[in-house]
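Before any comments, here is the structure.
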Amino acid sequence: MGFEWYREFLAPGYEPKDDEMLVIFRAKPAEGMSIEDVAGRIASESSVGTWTTLSTLKPHVRKLMAKAYVVREDGLIKVAYPLELFELGSIPQLFSSVLGNIFGMRAIKRLKVLDIRFPEQYVKSFPGPQHGIRGVRDILKVYDRPILATVPKPKVGLTSEEYGEVAYEILVGGMDLVKDDENLTSQSFNKFENRVKAVMKAIDKAEKETGERKGWLANITAPVDEMIRRLKLVADAGNKFVMVDILCAGWAAVQKVREVAEEYGLAIHAHRAFHAAFTRLPDHGVSMYLIAKIARLAGVDHIHIGTNVGKMEADLRELKATQNVITKEEYVPPPDDPTKEPQKWFGLKPVLPTASGGLHPGVLPQLLDFMGTDILIQVGGGVTGHPDGVIAGGRAVRQAIEAWKQGIPLDEYAKTHKELARALEKWGYVRPE
Ligand code: CAP
Ligand code: MG
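Okay, so the sequence shown: first residue is 0 according to numbering that gives the first Met the number 0, each after it adds one.
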């Protein structure tokens, strides 16, 4: 009993339309299956089909069938979908369609979704970032360098009061933002309400002493209603940022937070914890590149995308493509990259790329050479682990960035800047792992 019905979804040579959703896959067939068998199953299962022919398949439903228009022996598959298959404005339904069942089909041994080209009508059904890069810079009045954040390490465990003290030192030492760690929400030792008070007190004191604007990436990750309650607490306290572990909270929650953040003018920092469960393997899962694009639709203002020098795994070509696709108005992939389609954003604001993970002053020049300065840099252990304390840690980061801006080697600059010298003594130029 063959399943030739799937072949009705193959459309080699089909020219997709501008208003169609285009999805790019890399697939590996199971034993005994051809790449055509796999392409037909992907297009069927993610659009209107199932495993067998149907007596109920009406002519008007046939028009909604997806078309596999590129099917290559190397596993690259491109499928065009009529936009009517998707609910405008709903990220959960996008996942249920082209990021759902197909990963589990027996005929498909491995499957990675590499990119989705979103057509104009779909892009415009989302709010995109409220502030964008310029807006975030306007909040902090920081224009001539990367925006800087530090997590008060240890990741969790400090009491709210201890946390507030470290937050003050981080900010007075020169960082713009204090950032909650991804697993710090509202534990018994650091209840959210208490942290609001402690951090806002630290911000107030640091702003007065430095004359600089300061802020807090407040991790509101929790069940949705509680996230909204915490968001309002943060806004009422006068802070302009919230942070969400977007993949742990889920896209419906992210869209709800974006909706309410609009009313309070809050910028959203997206942490991507959990992404590596499905982005890391080259042949199975979903690309971080696509996750970042979806986050731009959803409307986060910053998102972690990895670094070329940190403790986390990163493919440099993918990292640069991801940085470009979330910051440019139109991203056109290099001609030798068949895994991506050109993407226009139709006015959706850019998202601030966040570099984090194992960073310290000694690696910042290489980071800035690769990613430039229109980024947010989070330096956690690299500040709170400075041999002379947290304030010195912040100063060392600012010194390393100033040295890079002036084209002065860190060793040279360290001769007249002791905090940087002490950071280099402890960590040198090591890339943590
Ligand atoms: C970094 C960090 C961030 C990672 C996330 C951590 O701390 O706070 O969560 O950067 O990875 O918990 O490890 P350090 P990514 O600065 O002390 O390393 O940015 O790749 O999503
Ligand atoms: Mg963290």
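Here a beta-carbon is modelled for each residue, glycine too, at the ideal position from N, C-alpha and C.
Just so we're clear, the structure is a prediction, and the values are computed from it rather than from any experiment.
Check your understanding: What is the rounded straight-line gap between the Cα of glycine 210 and the Cα of isoleucine 169?
Key -> 15 Å
Practice item. Rounded to whole angstroms, what's the CA-CA distance from arginine 397 to threonine 278? Just pull it up for me. Key: 32 Å
**Study point:** Contact set for leucine 113: own chain, Cβ-Cβ below 8 Å, skip 5 residues either direction
**Key:** Ile23, Phe24, Arg25, Ser286, Tyr288, Leu289, Thr338, Lys339
**Study point:** Beta-carbon proximity list for glutamate 19, same chain, < 7 Å, skipping 5 on both sides
**Key:** Ala79, Tyr80, Pro81, Leu82, Pro118
Practice item. Reducing DSSP to helix, strand and coil, say where glycine 134 ends up. Key: helix
Check your understanding: Sorry if obvious, but does the Cβ on aspartate 319 come closer than 7 Å to a heavy atom of the ligand CAP?
Key -> The sequence shown places lysine at residue 319, rather than the aspartate named in the question. Not so, every heavy atom of the ligand CAP lies at least 7 Å from the Cβ.
Review point. Do you know how far the Cα of lysine 154 is from the Cα of asparagine 182?
Key: 7 Å
Practice item. Provide the residue span of the alpha helix (DSSP H) that contains asparagine 323, from first to last. Key: 315-326
Point to revise | Completely contained alpha helix (DSSP H) runs for the stretch 18-51, where each covers 4 or more residues | key: 34-44
**Study point:** Within 5 Å of the ligand MG: residues by beta-carbon to any heavy atom
**Key:** Asp180, Glu181
Exercise for review: Could I get the ranges of all uninterrupted beta strand (DSSP E) runs contained in the stretch 304-392, with 3 residues as the minimum, in chain order?
Suggested key: 351-355, 375-377
Review point. So what does methionine 242 bridge to, in DSSP terms?
Key: Asn218, His268
Review point. If you measure from the CB of glycine 379, is any heavy atom of the ligand CAP nearer than 7 Å?
Key: yes
Check your understanding: Once you ignore the five residues that flank proline 332 on each side, which residues in its own chain have a CB closer than 6 Å to its CB?
Key -> Lys339
Exercise for review: State the DSSP-derived secondary structure class of arginine 229, mapped to helix, strand or coil.
Suggested key: helix
Point to revise | Residue range of the unbroken alpha helix (DSSP H) whose run includes alanine 79 | key: Here alanine 79 belongs to no alpha helix (DSSP H); instead the beta strand (DSSP E) covers 75-80.
Check your understanding: Quick one: does the C-beta of arginine 271 sit closer than 7 Å to a heavy atom of the ligand CAP?
Key -> yes
Review point. Mind checking whether histidine 385 and glycine 379 have CB atoms under 8 Å apart?
Key: no
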